[in-house]
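Working notes, beginning with the structure itself.
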Amino acid sequence: GDSVTQMEGPVTLSEEAFLTINCTYTATGYPSLFWYVQYPGEGLQLLLKATKADDKGSNKGFEATYRKETTSFHLEKGSVQVSDSAVYFCALPGSDGNKLVFGAGTILRVKS
Amino acid sequence: DAMVIQNPRYQVTQFGKPVTLSCSQTLNHNVMYWYQQKSSQAPKLLFHYYDKDFNNEADTPDNFQSRRPNTSFCFLDIRSPGLGDAAMYLCATSRDSGGTDTQYFGPGTRLTVL
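Chains as they are written, first to last, in my numbering: chain W, 108 to 219; chain V, 17 to 130.
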């Protein structure tokens with residue numbers, strides 16, 4: 108079945124460091140791919156998405172490129188801030204097109 | 017701003033005492049979802065409505081029910097909460113289903129069961 112694998116956290120970085128959070132997926136066909144962010148005590152917010160192969164999603168300095176060759180959708184940011192501290196979830200639609208299948212989430216902690 | 021609203025943000029109930037969580041949306045979306053998120057885990061879909069059509073996930077316990085009286089509102093009823101039902105409950109909406117539409121989440125209701 109469809110699944111998402113994310114790198115384990117927590118990831119701890121200093122402010123202005125470069126961020127990569129790895130995400131790989133298993134799916135039939137070429138589903139849309141999503142990154143959601145969850146700040147402490149809050150619901151999930153869409154960070155970015157890509158709907159087809161080679162698309163790059165970007166938002167708030169974060170980027171991710173849909174790579175069908177490596178079935179990956181790694182999240183990157185060139186310079187993280189303390190306010191980026193959150194849990195990041197990679198996701199794709201389930202095979203029925205309804206539910207989102209989430210990765211386990213990666214905790215990011217940014218120190219000043 | 018159009019949004020997904022959940023009430024209450026925090027709910028405390030007693031073991032076995034029924035509880036209802038509320039979700040409303042101003043996005044006029046067709047689809048509404050309820051997810052359960054336990055501590056340090058990914059959200060897990062309980063069920064969803066496409067308009068008035070209810071779709072239950074196969075592994076959702078019978079203890080969990082839902083109602084959608086109109087486009088804007090959706091309720092999650094837990095008939096007899098157990099200690100294992102303590103979690104964050106997230107409501108989400110999407111314009112359509114089918115995989116490409118973004119799901120918009122509310123802030124969640126954190127349920128504590130005493």
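Ideal Cβ positions, reconstructed from N, Cα and C, are used throughout, including at glycine.
(1) Looking at chain V, is there any beta carbon in it that lies within less than 7 Å of the beta carbon of Asn205/W?
(2) Taking CB distances under 7 Å as the criterion, tell me whether Ser139/W reaches chain V.
(3) Hey, would you say Ser109/W sits closer than 7 Å to Val208/W, going by beta carbons?
(4) Could you tell me the alpha carbon to alpha carbon distance between Thr128/V and Glu149/W, rounded to whole angstroms?
(5) Would you grab the beta carbon distance between Tyr105/V and Trp50/V for me? Rounded to a whole angstrom, and I think it's under 8 Å.
(6) If you follow the beta strand (DSSP E) that Met48/V is in, where does it begin and where does it stop?
(7) Which stretch, first to last residue, makes up the beta strand (DSSP E) that contains Asp93/V?
(8) Between the alpha carbons of Thr29/V and Leu130/V, how many angstroms are there, rounded?
(9) Please compile the residues from chain V whose C-beta is within a distance smaller than 8 Å of the C-beta of Gly212/W.
(10) Which residue's Cα is closest to the Cα of His181/W: Leu140/W, Gln145/W, Lys167/W, Ala124/W?
(11) Using CA coordinates, which residue listed in Asn44/V, Gln27/V, Cys107/V, Tyr26/V is at the minimum distance from Arg83/V?
(12) Gly164/W CB to nearest chain V CB: under 7 Å?
(13) Which of the three DSSP states is assigned to Val35/V in this structure?
(14) Listed in chain order, which residues of the stretch 144 to 169 of chain W have Cβ atoms closer than 9 Å to some Cβ of chain V?
(15) Would you say Phe209/W faces chain V, with C-beta separation under 7 Å as the test?
(16) Give the straight-line distance between the Cα atoms of Ala134/W and Ala58/V, rounded to the nearest whole angstrom.
(17) By Cβ distance below 8 Å, which residues in the same chain neighbour Val35/V in space, the five residues on each side in sequence not counted?
(18) Chain W partners of Asn71/V, CB-CB under 8 Å?
(19) In this structure, does DSSP put Gly164/W in helix, strand or coil?
(20) Taking DSSP as the reference, what is the three-state secondary structure of Leu99/V?
On the basis of the coordinates in this document:
(1) Chain V has a Cβ within less than 7 Å of the Cβ of Asn205/W.
(2) At a cut-off of 7 Å between C-beta atoms, Ser139/W counts as an interface residue with respect to chain V.
(3) The displayed chain sequence assigns Asp, not Ser, to residue 109/W. One thing to note: Asp109/W has its Cβ within 7 Å of the Cβ of Val208/W.
(4) Spanning the two alpha carbons is a distance of roughly 16 Å.
(5) Under the criterion of beta carbons closer than 8 Å, Tyr105/V and Trp50/V qualify as touching, at roughly 7 Å.
(6) Judged by DSSP secondary structure, Met48/V falls within the beta strand (DSSP E) whose first and last residues are 47 to 53.
(7) It spans 89 to 94 - the beta strand (DSSP E) in which Asp93/V sits, taken as one unbroken run.
(8) When rounded, the distance between both Cα atoms is 6 Å.
(9) Correct list: Ser56, Gln57, Ala58.
(10) It is Leu140/W whose Cα lies nearest to the Cα of His181/W.
(11) Arg83/V has its Cα closest to that of Cys107/V, out of Asn44/V, Gln27/V, Cys107/V, Tyr26/V.
(12) By this cut-off, Gly164/W is not an interface position.
(13) DSSP places Val35/V within a strand segment (E or B) once states are collapsed to three.
(14) Answer set for the stretch 144 to 169 of chain W: Gln145, Gly148, Glu149, Gly150, Leu151, Gln152, Leu153, Lys156, Thr158.
(15) Among the residues facing chain V, Phe209/W is included, as its CB has a counterpart in that chain under 7 Å away.
(16) Just so you know, the alpha carbons of Ala134/W and Ala58/V end up roughly 18 Å apart.
(17) Taken in chain order, the residues that qualify are Gln27, Thr29, Asp93, Ile94, Pro97, Leu127.
(18) Under the 8 Å cutoff, chain W gives Asn205.
(19) Taken through DSSP and simplified to helix, strand or coil, Gly164/W comes out as strand.
(20) Assigned with DSSP and collapsed to three states, Leu99/V falls in helix.
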